[in-house]
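Report on the following structure.
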Amino acid sequence: RLFPMAALIGFVVLGGAYFVMKNIFYAEGVVSIIIEIVGGGAFLLVILRKGRL
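Here the sequence shown stands for residues 19 to 71, where the numbers follow my numbering.
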């Protein structure tokens, strides 16, 4: 029950982000860059806290 809800929330957030960036800020490729920066930062934070992979 948790996985379908997480997938739905992810789809809505991603779709909303693309809609906002395309129709309000007129920038299409920015969402993927933001996702990569946030994901990379989270990965580095986990690595630095644990001290290993």
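C-beta atoms are modelled at their ideal positions from N, C-alpha and C, and glycine is treated no differently.
Predicted model, so just to flag it, every value in this text is computed and none were measured.
The beta carbon of VAL56 is closer than 7 Å to none in its chain, skipping five residues each way along the sequence.
Of ILE53, MET39, GLY47, ILE42, the smallest CA-CA separation from GLY28 is found for ILE53. In the three-state reduction of the DSSP assignment, ILE55 falls in the helix class, which pools H, G and I.
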